[in-house]
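Undergrad: Here it is, the structure, as C-alpha cells.
In the working numbering, the protein residues as written are 1464 to 1908.
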C-alpha cells in the first residue's frame, strides 16, 4: 500500500524537518485502523440517536391509547413523535455548526490532544445520563423530557463536532488514505447502528431495552476511542506526523505574525486555505446539505405501499431507511480506494455531480412518506425508495470522501490541519442547512 500516493508535495517536494530519523512505517496498519475507529466513534452518537427511533416514539407516544393500539400507529401519531427527528436535526446540527466554528478559530490556540480528550469525556458523560433515563418512567413529564433530550443532544453534538473536526484535521496531516479511512469509519458507525436496530427488532426487545442497549454501546465505544487516541502518541508512525503538525503550527504562526509580534492573523491564515480549497468546501457542503434535508427526517417517514401488517412493514424503516442508506454510504466510501473519478484535477466536474444530487429531494418526497397533507404519492411502489435511498447513501459516501481527501492536496504543509478542519466546517454547514430544510420538507408533505 503506497501511503504517499498523491501526497508527495507534503513529504518530498516540500519537506519539513520533523526529526532526526527517517519516516517510519505504519506497522500492521495500526495507525490506519485507529483513524478508522476514531471516525466511527466521532459520528456514532448521532447515528444512535437517529436510529433509536422506536425508543423515542415510545417515550413521546399518546399515553392515553388503549393497550391494543400500537404506540406508533399512524392514526395516533403525536406532534412530538412526528417532529422529534426534525427538531433533533436542527438543534444537533446548529450546535455542530457553532462548535465547529469555535474549533476553526481555536485550531492553533488549543492543541488537538486537549480537543479530542475533552470532547470524548463530555460525550461519555452525556450517554451515561441518557442511558440512565431509559429506565425512568417519563410519561407524566413528556414535554420536559422532550426538552431535556434536545438539550442533551445539543451538548453532545457540540462535543461531537469538536471531535470530528479535530480528527479530520489531524488525519489531513497524514497521507490521503488516512482521511479516507476516517470517512469510512464514520460510515461504518452508521451501518453498525442500523444493524443494532435490526437486531433488537429481531430479538423482540421492547423499545426501552433497545434504547438502553444503543446508548450503552455508544458509551463503551466512546471510551474505547479515548483509549485509541492516546495510543497514537505511543506509535512511532503517528508520532512522526504529529511532530510535523506541531512544527507546521509554529511555522504558520511565525509566517502570520504582525509587526507587534503578539497577534496572529487568523483571517489571513484561512484566506490562504479557502483560496485553494473553496471548490471542495462548496462541494462537500452541498453533498451533506442534500442528504440531511431528506435523511432521516423524510426517509424515516416512508412506509410500504401495502398497509397490511407484516414482517415487511415491521422491518421497512430499519432496513430500507437506515440500513440501506448506511450500507450505501459505507460502500461509496470504500469505492474511493479503487476509483477516484473525476479526479483531483477536475474539481469543477466533482462540484457538478454534487449539484445533481439535489434531484433526490423531490423524488423521495414523492414516495409514500406518511403522514402527508399536501403532496400526492406519485412513486407508489416500494422499489422506488429502495433504489433512491441506496443511491442517496452511495453518492453521499463517494462524493463526500473525494471532497475530504482531495481538499488537503491543495494545501502546503503548514496549512494541512487547517484545511482539514475547514472542510469539516463546510461539511457541518451543509449538515446544519440540511437539517433546517428537513423541517420545512416534512411540513410540505
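Backbone N, C-alpha and C fix where the C-beta goes; we use that ideal spot for every residue, glycine too.
Closest to residue 1889 by CA distance: which of 1903, 1870 and 1769 is it?
TA: Along the chain shown, one-based indexing puts residue 1889 at 426. Nearest option by C-alpha distance: 1870.
Undergrad: Residue 1764: beta carbon under 6 Å from a heavy atom of the ligand NAP?
TA: Among the components modelled here there is no ligand, and therefore nothing to report on the ligand NAP.
Undergrad: Can you give me the Cβ contacts of residue 1908 inside the same chain, cut-off strictly under 6 Å, excluding the 5 residues immediately before and after it?
TA: Working through the chain shown from its first residue, we reach residue 1908 at position 445. Only 1832, 1835 and 1838 meet the Cβ criterion.
Undergrad: For residue 1585, which residues from the same chain have a beta carbon less than 6 Å from its beta carbon, with the 5 sequence-adjacent residues on both sides left out?
TA: Taking the first residue of the chain shown as 1, we reach residue 1585 at position 122. The residues are 1622.
Undergrad: I'd like to confirm the pairing. Which residues does DSSP put opposite residue 1572 in its beta bridges?
TA: As a working mapping, residue 1572 is identified with position 109 in the chain shown. Note: residue 1572 sits in no beta bridge, so no partner.
Undergrad: Would you mind reading off the limits of the alpha helix (DSSP H) that contains residue 1881?
TA: Working through the chain shown from its first residue, we reach residue 1881 at position 418. Its alpha helix (DSSP H) spans residues 1879-1907.
Undergrad: Have a look at residue 1891 and residue 1560 and give me their C-alpha separation to the nearest angstrom.
TA: In the chain shown, counting from the first residue as 1, residue 1891 sits at position 428. In the chain shown, counting from the first residue as 1, residue 1560 sits at position 97. Going from the Cα of residue 1891 to the Cα of residue 1560 covers about 6 Å.
Undergrad: Which two residues bound the contiguous alpha helix (DSSP H) that contains residue 1522?
TA: Along the chain shown, one-based indexing puts residue 1522 at 59. Where residue 1522 is concerned, the enclosing alpha helix (DSSP H) stretches over 1516-1522.
Undergrad: Would you report the Cα separation of residue 1550 and residue 1680, rounded to the nearest angstrom?
TA: Residue mapping note: residue 1550 aligns to position 87 of the chain shown, counting from 1. Residue mapping note: residue 1680 aligns to position 217 of the chain shown, counting from 1. Looking at the two C-alpha atoms, the distance is approximately 24 Å.
Undergrad: Less than 8 Å between the CB atoms is what I'm expecting for residue 1860 and residue 1795, so what's the real figure, rounded?
TA: Locating residue 1860 in the chain shown gives position 397, counting from the first residue. Locating residue 1795 in the chain shown gives position 332, counting from the first residue. That belief holds up - the Cβ atoms of residue 1860 and residue 1795 are roughly 3 Å apart, short of 8 Å.
Undergrad: Taking the alpha carbon of residue 1845 as the reference point, which residue from 1768, 1793, 1872 and 1636 has its own alpha carbon closest?
TA: To locate residue 1845, count along the chain shown from 1; it is residue 382. Measuring from the Cα of residue 1845, the nearest candidate turns out to be 1768.
Undergrad: Rounded to the nearest angstrom, what separates residue 1780 and residue 1706 at their Cα positions?
TA: Residue 1780 sits at position 317 when you count from the first residue of the chain shown. Residue 1706 sits at position 243 when you count from the first residue of the chain shown. Looking at the two C-alpha atoms, the distance is approximately 46 Å.
Undergrad: Could you pull the start and end residues of the alpha helix (DSSP H) that residue 1825 belongs to?
TA: What you label residue 1825 is simply residue 362 of the chain shown in a count that begins at 1. That run of the alpha helix (DSSP H) goes 1823-1828.
Undergrad: Quick check on residue 1722: does DSSP put it in helix, strand or coil?
TA: Counted from its first residue, the chain shown places residue 1722 at position 259. Because residue 1722 sits at a pLDDT of 41, beneath the cut-off of 50, its placement in the model cannot be relied upon, and the point is left open.
Undergrad: For residue 1880, count neighbouring Cβ atoms within 10 angstroms of its own Cβ and tell me buried if that reaches 16, exposed if not.
TA: Translated into positions along the chain shown, residue 1880 becomes position 417. So residue 1880 counts as buried.
Undergrad: Around the C-beta of residue 1734, are 16 or more other C-beta atoms found within 10 angstroms, so that it is buried, or is it exposed?
TA: On the chain shown, residue 1734 is found 271 positions in, with the first residue counted as 1. Per the 10 Å Cβ criterion, exposed.
Undergrad: Identify the continuous alpha helix (DSSP H) that holds residue 1842 and give its terminal residues.
TA: If you number the chain shown from 1, residue 1842 lands on position 379. Unbroken run through residue 1842: none, as it is neither H nor E.
Undergrad: Using DSSP with H/G/I as helix, E/B as strand and the rest coil, what is residue 1765?
TA: By one-based count along the chain shown, residue 1765 stands at place 302. In this structure, residue 1765 counts as strand in the three-state DSSP scheme.
Undergrad: Give the DSSP bridge partners of residue 1832, in chain order.
TA: Working through the chain shown from its first residue, we reach residue 1832 at position 369. Bridge partners of residue 1832: 1765.
Undergrad: Ordered along the chain, which non-local residues of its own chain (more than five positions away) have a Cβ less than 6 Å from that of residue 1896?
TA: Your numbering for residue 1896 matches position 433 in the chain shown. The residues are 1752.
Undergrad: Just to check my reading of the structure: residue 1684 and residue 1841 have Cβ atoms closer than 8 Å, yes? What is that Cβ distance to the nearest angstrom?
TA: On the chain shown, residue 1684 is found 221 positions in, with the first residue counted as 1. On the chain shown, residue 1841 is found 378 positions in, with the first residue counted as 1. No, residue 1684 and residue 1841 are not in contact; Cβ-Cβ is about 41 Å, not under 8 Å.
Undergrad: Between residue 1736 and residue 1645, is the Cβ-Cβ spacing less than 7 Å?
TA: Here residue 1736 refers to the residue found at position 273 when the chain shown is read from its first residue. Here residue 1645 refers to the residue found at position 182 when the chain shown is read from its first residue. No. Outside cutoff.
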